[in-house]
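Numbering (our numbering), first residue to last: 136 to 395.
One structure is given below, encoded as structure tokens.
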């Protein structure tokens, strides 16, 4: 369904992880609703393709969200190019799984740095500019795994739980600057990052046994809730964690140990 409400007319947005999956869906929805959007991602080739497809209201930037210098440059480039920064969506994330007793230190660092440190650095510099212009809204992508453990997922679940608490801490600290900070907690979403789970019949069946809706979500089903939290419709909402999981939180996580 196309939304033409133009809630984000004259607004400028940053979306990290904006070249695929949930990030791409958020970019597309923002453009539909009138925003100017800067997508940050490591996939330069895809960003270049998007620039050709999406026109003058879009700018792609190659960014490593674990680098503070890259994040500072992203925000300054956004402000220089489009004249401000009103809303930000911190989506970038990935995981290198492994059971705790087997997990390599570098795999822990990769996952936690990308999923948690990347959100911290993004919030820090997004909010610094929003403070100068009188306020804004930040939406972080956490996960159902902020609440529910996952076999071989200790780094990811810990990082995503950290994102949820970082969101709440940001809401507390930034309210006086008129900056709202919220999170959405997706369940299983069909995306390049989850392809190995969705396409493996046995693993997919294990998930479907636990998800009451009996299907994975599409990335577009995350974009709507994310944009709501960034919009004026959520003007008195901050520090919230919105589960978008097909009621999965009611039933618990499948036992994934047999797949490792």
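Note that CB positions come from ideal geometry on N, CA and C, so glycine has one too.
Keep in mind that this is a model prediction, so the values were computed, not measured.
**Message:** Checking 9 angstroms against the spacing of the C-beta atoms, do residue 157 and residue 175 come in under that value?
**Reply:** With respect to the 9 angstroms criterion, residue 157 and residue 175 are not classified as neighbours on the basis of their beta carbons.
**Message:** Can you list, in chain order, the residues of its chain with a C-beta nearer than 6 angstroms to that of residue 144? Leave out the 5 residues immediately preceding and following it.
**Reply:** Correct list, in chain order: 169.
**Request:** State buried or exposed for residue 317, treating a residue as buried only when at least 16 other CB atoms are found within 10 Å of its CB.
**Result:** Burial call: buried.
**Buried or exposed by the 16-neighbour rule on C-beta atoms within 10 Å, applied to residue 371** = Under this definition residue 371 is an exposed residue.
**Prompt:** Considering only the beta carbon of each residue, do residue 345 and residue 388 sit closer than 9 angstroms?
**Reply:** For the 9 angstroms CB-CB criterion, residue 345 and residue 388 form a contact.
**Prompt:** Leaving out five residues before and five after residue 154 in sequence, what residues of the same chain have Cβ atoms less than 7 angstroms from its Cβ?
**Reply:** Here the set comprises 174, 176, 178, 181, 182 and 185.
**Item:** Cβ-Cβ distance between residue 365 and residue 306 below 9 angstroms
**Value:** Cβ atoms of residue 365 and residue 306: not closer than 9 angstroms.
**Residue from 240, 376, 285 and 255 with nearest C-alpha to residue 200** = Closest option to residue 200, Cα to Cα, is 255.
**Message:** Taking 9 angstroms as the threshold (C-beta atoms), are residue 384 and residue 377 in contact?
**Reply:** No.
**Message:** Give me, in chain order, the residues of the same chain whose beta-carbon lies closer than 6 angstroms to that of residue 136; leave out the 5 immediate sequence neighbours on both sides.
**Reply:** Below a pLDDT of 50, predicted positions are generally treated as unreliable, and residue 136, at 46, falls in that range; the measurement from the model is reported next regardless. A distance below 6 angstroms between beta-carbons, with the five flanking residues on each side excluded, links residue 136 to no residue of its chain.
**Segment limits, alpha helix (DSSP H) that includes residue 360** = Element bounds for residue 360: 355 to 365.
**Item:** Burial state of residue 373 (16 or more Cβ within 10 Å)
**Value:** Buried.
**Request:** Report yes or no: do three or more beta-carbon pairs, one from the region 202 to 214 and one from the region 225 to 233, lie closer than 8 angstroms?
**Result:** Contact fails between the region 202 to 214 and the region 225 to 233, because fewer than three Cβ pairs, one in each stretch, are under 8 angstroms apart.
**Message:** Once DSSP output is grouped into helix, strand and coil, what is the label at residue 283?
**Reply:** Reduced to three states, the DSSP call for residue 283 is coil.
**Message:** How far does the beta strand (DSSP E) with residue 176 in it extend, from its first residue to its last?
**Reply:** Segment 171 to 176, the beta strand (DSSP E) holding residue 176.
**Prompt:** How would you write the range of the alpha helix (DSSP H) that residue 318 sits in, first residue to last?
**Reply:** For residue 318, there is no enclosing alpha helix (DSSP H); the enclosing beta strand (DSSP E) has its first and last residue at 314 to 321.
**Item:** Three-state secondary structure assigned by DSSP to residue 298
**Value:** Three-state DSSP puts residue 298 in a helix.
**Other residues of its chain near residue 260: CB distance less than 7 angstroms, five sequence neighbours each side excluded** = The beta carbon of residue 260 sits closer than 7 angstroms to those of 206, 207 and 210, all from its chain and outside the five residues before and after it, given in chain order.
**Request:** Please confirm whether residue 232 and residue 395 have their CB atoms less than 9 angstroms apart.
**Result:** Yes, Cβ-Cβ distance for residue 232 and residue 395 is below 9 angstroms.
**Message:** So the candidates are 213, 340, 239 and 322; which of them puts its Cα closest to the Cα of residue 276?
**Reply:** Nearest option by C-alpha distance: 322.
**Where the alpha helix (DSSP H) containing residue 208 begins and where it ends** = Bounds of the alpha helix (DSSP H) holding residue 208 are 203 to 217.
**Which listed residue (352, 338 and 214) has its alpha carbon closest to that of residue 267** = Ranking 352, 338 and 214 by Cα distance to residue 267 puts 214 first.
**Request:** Measure the Cβ-Cβ separation of residue 264 and residue 219 and say whether it is below 9 angstroms.
**Result:** Yes, the Cβ-Cβ distance between residue 264 and residue 219 is below 9 angstroms.
**Asked** Going by alpha carbons, who is nearest to residue 223 out of 252, 241, 216 and 162?
**Response** The candidate whose alpha carbon is nearest that of residue 223 is 162.
**Item:** 6 angstroms CB neighbourhood of residue 359 in its chain, flanking five on each side removed
**Value:** Cβ neighbours of residue 359 beyond the five flanking positions: none.
**Message:** I'd like to confirm the pairing. Which residues does DSSP put opposite residue 196 in its beta bridges?
**Reply:** For residue 196, which the question treats as bridged, DSSP gives the partners 175.
**Request:** Rounded to whole angstroms, what's the CA-CA distance from residue 111 to residue 291? Just pull it up for me.
**Result:** What is shown of the chain runs 136 to 395, which leaves residue 111 out entirely.
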